Amino acid sequence: MSETPKSKAEMVIERIMGDLDPGSDRYQVLATAKQFKSSWVELGSKLQQVQQGGLFRDWGYDSFEDYCSREIRIKRPTAEKLTLAYRYMEKEEPELLARQGELKPLPDYRSVDLLRQARQEKDFSDEEYAELRKAVVEDDRSHPTVLKRFKEVSAAHGEGPGAVVLLKSGLNAARRLEGVIDQLDQVSTEQRRTVSDLIRQLEREVEAAQSPPV
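Residue numbers (this note's numbering): 831 to 1044.
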């Protein structure tokens, strides 16, 4: 029986791994990324360490986004969901982490991120949150089912995208723009500085929006 053809991402990851010490942190993150579908919790944990410790700079990347897209082969929004979902489980659902490795699969990281949003960013009542949690944690509902319920509750509250969500979306767009213009000789230094200043401003506003009131 022939083996399943490897994806381009898998081949890139394996090529990089071939030049690394198997005992190094960088190799271990890549090995975990190869098993992303079955071990997202471990990948979320490792990516959090890479981001917080600035390890990507030691490995020759200018930004966490650049590292994720070029080496781990995932987009920044996916990396953010992974790290945020892991951090949320670590704080709010530590018993779920103990399930890793058991036959019963862990919840989809996207569903866990919706739980995080319901608790931290949305105006879900305790009852609404408990219902959503039951669907994710106890009933193992599929992500589309959980997303549908999440949207229904948000719509009932008359919510559009929250301020934090919009700020993060704007920040991500500005970062993508910076990545593009870095490759364009036609863009002046002043224009580059304007985009850089915008990114710094949005980063401050996101941080302020997420900080609890004093």
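All C-beta atoms in this analysis are idealised placements derived from N, C-alpha and C, irrespective of residue type, glycine included. Since we're looking at a predicted model, the values are computed, not measured.
| query | result |
| --- | --- |
| Around the Cβ of Glu-1020, are there at least 16 other Cβ atoms within 10 angstroms (buried) or fewer (exposed)? | exposed |
| Which stretch, first to last residue, makes up the alpha helix (DSSP H) that contains Glu-961? | 956-963 |
| According to DSSP, simplified to helix, strand and coil, what is Val-1017? | coil |
| Measure how close the beta-carbons of Arg-1005 and Ile-1029 come, nearest whole angstrom, since I'm counting them as under 8 Å. | 6 Å |
| Using C-beta distances below 8 Å, list every residue in its chain close to Tyr-891, excluding the 5 sequence neighbours before and after it, in chain order. | Tyr-897, Arg-900 and Glu-901 |
| Under DSSP, the alpha helix (DSSP H) around Tyr-918 begins and ends at which residues? | 906-922 |
| Give me the Cα-Cα distance between Glu-920 and Asp-938, rounded to the nearest whole angstrom. | 15 Å |
| Within its chain, find whatever has a CB closer than 8 Å to the CB of Leu-927; leave out the 5 residues flanking it on each side and keep chain order. | Val-871, Met-919 and Glu-920 |
| Quick check on DSSP: helix, strand or coil for Gly-848? | coil |
| Between Glu-833 and Arg-903, what straight-line distance do the alpha-carbon atoms span, to the nearest angstrom? | For Glu-833, the predicted structure reports a pLDDT of 47, less than 50, and the residue's modelled location is therefore unreliable. A value from the coordinates is still provided. Roughly 22 Å separates the two Cα atoms. |
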